[in-house]
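Quick notes on the structure that follows.
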Amino acid sequence: MTAESSRAERYNAREAETRWQKIWAERGIFSTKNDDPHPKYYVLEMFPYPSGRIHMGHVRNYTMGDVVARYKRATGNAVLHPMGWDAFGMPAENAAIDRKVHPKTWTYDNIAAMKKQLQSMGLSLDWAREIATCDPVYYKHQQKIFLDFLKAGLVERKKSKVNWDPVDQTVLANEQVIEGRGWRSGAEVEQRELTQWFFKISDYSETLLEALDTLDRWPEKVRLMQKNWIGRSEGLLIRFMLDAATTPAGEKKLEIFTTRPDTLFGAKFMALSPDHPLAQAAARKNPKLAAFINECKKIGTSQAAIDTAEKIGFDTGMKALHPFDPNWKLPIYVANFILMDYGTGAIFGCPAHDQRDLDFANKYGLGNTPVVCPPGQDPKSFVITDVSYDGDGRMINSRFLDGMGIEEAKEEVAKRLESETRGNSPVAQRQVNYRLRDWGISRQRYWGCPIPIIHCEKCGIVPVPEKDLPVTLPDDVSFDKPGNPLDHHPTWKKVSCPACSAPARRETDTMDTFVDSSWYFIRFTDPWIENAPTNPRIANHWMPVDQYIGGIEHAILHLLYSRFFTRAMHKCGWVGMDEPFAGLFTQGMVVHETYRAPNGEWVEPAKVRIESAGEERRAVLASTGEPIEIGSVEKMSKSKKNTVDPDDIIAAYGADTARWFMLSDSPPDRDVIWTEEGVQGAWRFVQRLWRLIGQIADVAAPAARPESFGSAAVAVRKAAHRALAHVSEDIDKLRFNRCVAHIYELANTLGDALSEAETEPTPDLAWSLREAGGILVRLFHPMMPHLAEECWAALGHQNLVASESWPTIERDLLIESTMTLPVQINGKKRADVTLARDAKQSEIEAAVLALDAVKKALEGKSPKKVIVVPQRIVNVVV
RNA sequence: GCGGACGUGGCGGAAUGGUAGACGCAAGGGACUUAAAAUCCCUUGGGAGUAAUCCCGUCCGGGUUCGAGUCCCGGCGUCCGCACCA
Numbered sequence: 000m001t002a003e004s005s006r007a008e009r010y011n012a013r014e015a016e017t018r019w020q021k022i023w024a025e026r027g028i029f030s031t032k033n034d035d036p037h038p039k040y041y042v043l044e045m046f047p048y049p050s051g052r053i054h055m056g057h058v059r060n061y062t063m064g065d066v067v068a069r070y071k072r073a074t075g076n077a078v079l080h081p082m083g084w085d086a087f088g089m090p091a092e093n094a095a096i097d098r099k100v101h102p103k104t105w106t107y108d109n110i111a112a113m114k115k116q117l118q119s120m121g122l123s124l125d126w127a128r129e130i131a132t133c134d135p136v137y138y139k140h141q142q143k144i145f146l147d148f149l150k151a152g153l154v155e156r157k158k159s160k161v162n163w164d165p166v167d168q169t170v171l172a173n174e175q176v177i178e179g180r181g182w183r184s185g186a187e188v189e190q191r192e193l194t195q196w197f198f199k200i201s202d203y204s205e206t207l208l209e210a211l212d213t214l215d216r217w218p219e220k221v222r223l224m225q226k227n228w229i230g231r232s233e234g235l236l237i238r239f240m241l242d243a244a245t246t247p248a249g250e251k252k253l254e255i256f257t258t259r260p261d262t263l264f265g266a267k268f269m270a271l272s273p274d275h276p277l278a279q280a281a282a283r284k285n286p287k288l289a290a291f292i293n294e295c296k297k298i299g300t301s302q303a304a305i306d307t308a309e310k311i312g313f314d315t316g317m318k319a320l321h322p323f324d325p326n327w328k329l330p331i332y333v334a335n336f337i338l339m340d341y342g343t344g345a346i347f348g349c350p351a352h353d354q355r356d357l358d359f360a361n362k363y364g365l366g367n368t369p370v371v372c373p374p375g376q377d378p379k380s381f382v383i384t385d386v387s388y389d390g391d392g393r394m395i396n397s398r399f400l401d402g403m404g405i406e407e408a409k410e411e412v413a414k415r416l417e418s419e420t421r422g423n424s425p426v427a428q429r430q431v432n433y434r435l436r437d438w439g440i441s442r443q444r445y446w447g448c449p450i451p452i453i454h455c456e457k458c459g460i461v462p463v464p465e466k467d468l469p470v471t472l473p474d475d476v477s478f479d480k481p482g483n484p485l486d487h488h489p490t491w492k493k494v495s496c497p498a499c500s501a502p503a504r505r506e507t508d509t510m511d512t513f514v515d516s517s518w519y520f521i522r523f524t525d526p527w528i529e530n531a532p533t534n535p536r537i538a539n540h541w542m543p544v545d546q547y548i549g550g551i552e553h554a555i556l557h558l559l560y561s562r563f564f565t566r567a568m569h570k571c572g573w574v575g576m577d578e579p580f581a582g583l584f585t586q587g588m589v590v591h592e593t594y595r596a597p598n599g600e601w602v603e604p605a606k607v608r609i610e611s612a613g614e615e616r617r618a619v620l621a622s623t624g625e626p627i628e629i630g631s632v633e634k635m636s637k638s639k640k641n642t643v644d645p646d647d648i649i650a651a652y653g654a655d656t657a658r659w660f661m662l663s664d665s666p667p668d669r670d671v672i673w674t675e676e677g678v679q680g681a682w683r684f685v686q687r688l689w690r691l692i693g694q695i696a697d698v699a700a701p702a703a704r705p706e707s708f709g710s711a712a713v714a715v716r717k718a719a720h721r722a723l724a725h726v727s728e729d730i731d732k733l734r735f736n737r738c739v740a741h742i743y744e745l746a747n748t749l750g751d752a753l754s755e756a757e758t759e760p761t762p763d764l765a766w767s768l769r770e771a772g773g774i775l776v777r778l779f780h781p782m783m784p785h786l787a788e789e790c791w792a793a794l795g796h797q798n799l800v801a802s803e804s805w806p807t808i809e810r811d812l813l814i815e816s817t818m819t820l821p822v823q824i825n826g827k828k829r830a831d832v833t834l835a836r837d838a839k840q841s842e843i844e845a846a847v848l849a850l851d852a853v854k855k856a857l858e859g860k861s862p863k864k865v866i867v868v869p870q871r872i873v874n875v876v877v
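Under numbering that gives the first Met the number 0, the residues of the first sequence are numbered 0 to 877, in order.
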């Protein structure tokens, strides 16, 4: 075949990519109209924090989203695919402290730089909807939402123990403490008692938990993590009467929460949190107890200390009466391991069936009585010493419960205690407890959304009137002193009370940045509306997000907050649904080998040259040839210097190569190993596609579809439509690595077909090659959009492939007229048999039994059984 | 401790209970070239055999099934999440 074309031999990605990006922008093909009548599809990737430069994780995330967006557009949807900036946060303030740059300047410079980088990736984003959360135009509405939540009873100000990050000098939510350390600073978190603003997420514990079952397009793993985080447990709230002789006057009863009321006859002691009111009351009369409580508080300053602290208790001398036996008195201890903010802050201890209670009882000589006997165990010989038993069994030593199963016993105890009253209240009631705590949103930092509240001596807490929104951050702040710059500002916090005009103080805490990201996806639906956070009609049109893509690290934090926020905004009328993300996909990380010089220093991949001699693979310093040790494959990080800069890759190979490699090989939810060889492979394929399409463009094909097709043409057409069917299905299921494989297969097939056609191909084959080439280009367009445009133009099309619709599958071509069935003998493959597709069962059997291999195996006997699975396989059992 | 996921060639990985290893990478051999790059062709799970072909093979041990990488039971290993939650 001749290829004397004027077309460039090699595809110049740099030149072509900027050219096509410009054309897309000029024609505005990615801007989405809110009144587009096509079925809506909202695809969203988690918006980035503007740290300064994008990293490979962003490239992977945004490539996946872009594939979905372009595919959905091609299949006839109105696609909403916006981008913005999670722009408030500590790093901007750290930059201000370290480099004397204003957080605003730093942030907006970073946004500009990163936007340019994202644009160089060729993402089909609607930039007209761009949002920065640090923009007063955005946070004005967030303040309005805060005030709405306040009115709706979803905001609370309360004093509580909070997680204090001593490095960032701010409070952190429970979700933001990872292994006892601040999620951003890594500093050991301390416990402090402060007055804070809280969102009452715990009001929604039950719905947040229950609705997880409806999120069938979320990863099981994420749903499970949220379920565990919400931590529902069902149990019984039991009121123990106190022994009047041993307790202070006025204290009559002690409430505890238990999930094991069945073990009530195994009780040996009661334990109170050091913060429990009864403990506090007793301490006022008992200096030794007061000293003990003080001791507990000292230990509990850092999370690490709590983890390692020994379980200690103090016998208060008080006694509680067993609910089923007023003569049975249980000693009441104060113990350091009882949490005040779970349940009632008090427990009854059953040492035989709870390891922690057993450790405590053994330490203080309280003994134990087993009340659940494991199946097959003789109750007389069942003894607990150091290991408690928490398994199933039959009740023993438990009076009227004896012989019952655990569940039966729980029910019996509940029934009896519910119907019994002491004073005016029942002895017990069924209760559900959650581990989930309210979301503390106060941050003692500057670069965040101001909380629109004024503190007045006379009027107390006064919301900022809506006409005064936004409460904007002052620009003239100083970062010289530690602490909150807003607090140090000479005038900003001094205001007059909106209610009584007296001098008052502005709230100087700002909101947790996770508030900013809890509703941005709703704002994207109409980012222009000025007088309200949302236009509910438009929000309800686009929401929920059909496909959300981001990292697994947000499995709890951002995703749980957003689910809460959507419910709360629903309550306030800003949106009409509870769940923000119908589909969620969590992508894996980008990892890379690490390299270490002989002096122990980490070396950047860009400075390393890999040399392979046969099987061996070794690394040297590119500049000197000095040998370098190849270390383990790890998440790209600055500390190990194993990062690759997307800019460098795009400059060297183009965005399409980077995008293609990101989607190849690894399943998208697993980690992908970035290798130079892999990028080279992707780059070679880009060039190969360009040559292949060039060759196809040179084929003289008839304009009209031929009447009939020869076998070579049919083979080409079948390959194209098979690939089309596979790629369509695989994009739908986000299996990009398989899409890549099918595109390779089609390219291989077309390459082979071209080289097999020795002379100029027959008209039917030429037409089929053109058809297949056009399908191929549209198939790889979502992954490599610039190359696809270039190829589409080379094939003679005047329009943009980005606006072209997805090819239509000709189903007839997927059906073979003959089938080749593998023939097994006793489950092992021994032969193939090719038959007409519609061959009858009896015909298949006859053909199989006539095979030499089968005859040989049968040795003249008849088979025990012949299993024919239509279209699949035949198994002969001898 | 509790909960979950995973374990397939030299590597990344394919495989509705139905031909294990698609596709890519790496490697080896060859063609083209003065040479290199680029490109193209061939080989590539292990073993036996000139060959046809046969045997073994999806972490280990059992089981269900005509048939198991896939389902069930029991181990081992790796990774992740939660962790004084009563």
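Glycine included, each C-beta is placed from N, C-alpha and C at the ideal position.
Just so it is clear, the structure is predicted and the values come from calculations on it, not from any experiment.
When the Cα atoms are used, Asn109 and Lys103 turn out to be separated by approximately 10 angstroms. In this structure Pro464 touches Pro497 by the C-beta definition: roughly 5 angstroms separates them, less than 8 angstroms. By the Cβ criterion, the region 55-71 is not in contact with the region 480-493, since fewer than three pairs of Cβ atoms, one from each stretch, lie closer than 8 angstroms. The Cβ neighbour count for Leu813, taken over all protein chains shown within 10 Å, is under 16; the residue is labelled exposed. Put simply, of Val607, Leu583, Arg536 and Gly549 the residue whose alpha carbon is nearest the alpha carbon of Gly572 is Arg536.
Straight through space, the alpha carbons of Ala360 and Pro369 are spaced by roughly 13 angstroms. Leaving aside the five residues that flank Phe478 on each side, the residues in its chain whose CB is nearer than 7 angstroms to its CB run, in chain order, Glu92, Ala95, Ile96 and Pro484. Within the region 611-669, the runs of alpha helix (DSSP H) at least 4 residues long that lie entirely inside it are, in chain order, 645-652 and 654-662. Just measuring C-alpha positions, the residue of Trp601, Glu192 and Gln168 sitting nearest Val161 is Glu192. Counted as a single uninterrupted DSSP element, the beta strand (DSSP E) harbouring Asp831 occupies residues Lys827 to Ala835. Counted as a single uninterrupted DSSP element, the beta strand (DSSP E) harbouring Gln546 occupies residues Gln546 to Gly550. Ranked by Cα distance from Gln195, the options Glu155, Lys637, Phe564 and Glu205 are led by Glu155. Going by C-alpha positions, Ile555 is about 17 angstroms away from Phe520.
Where His725 is concerned, the enclosing alpha helix (DSSP H) starts and stops at Ser710 to Asp731. Three or more Cβ pairs drawn from the region 718-734 and the region 806-826 lie within less than 8 angstroms of each other, which places the two stretches in contact. Shown here, Phe197 sits in a strand according to DSSP, grouped into three states. In terms of Cβ geometry, Leu263 and Met317 do not form a close pair [threshold 8 angstroms]. DSSP, reduced to helix, strand and coil, places Lys318 within a strand of the structure shown.
Beta bridge pairing from DSSP links Thr585 with Gly549.
In the three-state reduction of the DSSP assignment, Val847 falls in the helix class, which pools H, G and I. When secondary structure is reduced to three states using DSSP, Ala427 falls in the strand class. Judged by DSSP in its simplified three-state form, Ala345 adopts strand. Counting only runs of at least 3 residues, the region 418-504 fully encloses the following beta strand (DSSP E) elements, listed from N- to C-terminal order: 427-432, 452-455, 459-462 and 493-495. In the structure shown, Asn747 falls within a helical segment according to DSSP collapsed to helix, strand and coil. It is roughly 22 angstroms from the alpha-carbon of Ala248 to the alpha-carbon of Phe347. In the structure shown, Gln686 falls within a helical segment according to DSSP collapsed to helix, strand and coil.
For Gly234, the enclosing beta strand (DSSP E) has its first and last residue at Ser232 to Leu241. The beta carbon of Val776 sits closer than 8 angstroms to those of Ile692, Ala787, Cys790, Trp791, Leu794 and Val800, all from its chain and outside the five residues before and after it, given in chain order.
Across the set Pro449, Asp340, Tyr41 and Ser50, the C-alpha of Tyr41 shows the shortest separation from the C-alpha of Pro81. Setting aside the 5 residues that flank it on each side, Arg259 is surrounded in the same chain by Cys349 and His352, each with a C-beta closer than 7 angstroms to its C-beta; the list follows chain order.
In the three-state reduction of the DSSP assignment, Lys287 falls in the helix class. Between the C-alpha atoms of Gln354 and Pro425 there is a straight-line separation of about 30 angstroms. At the C-beta level, Ile548 and Met63 come within 8 angstroms of one another.
The beta carbon of Val867 is closer than 6 angstroms to those of Gln840, Ile843 and Val873 in its chain, skipping five residues each way along the sequence. Bounds of any alpha helix (DSSP H) do not take in Phe256; it lies within the beta strand (DSSP E) bounded by Lys252 to Thr257. With a contact defined as Cβ atoms closer than 8 angstroms, Thr512 and Gly826 miss out at about 59 angstroms.
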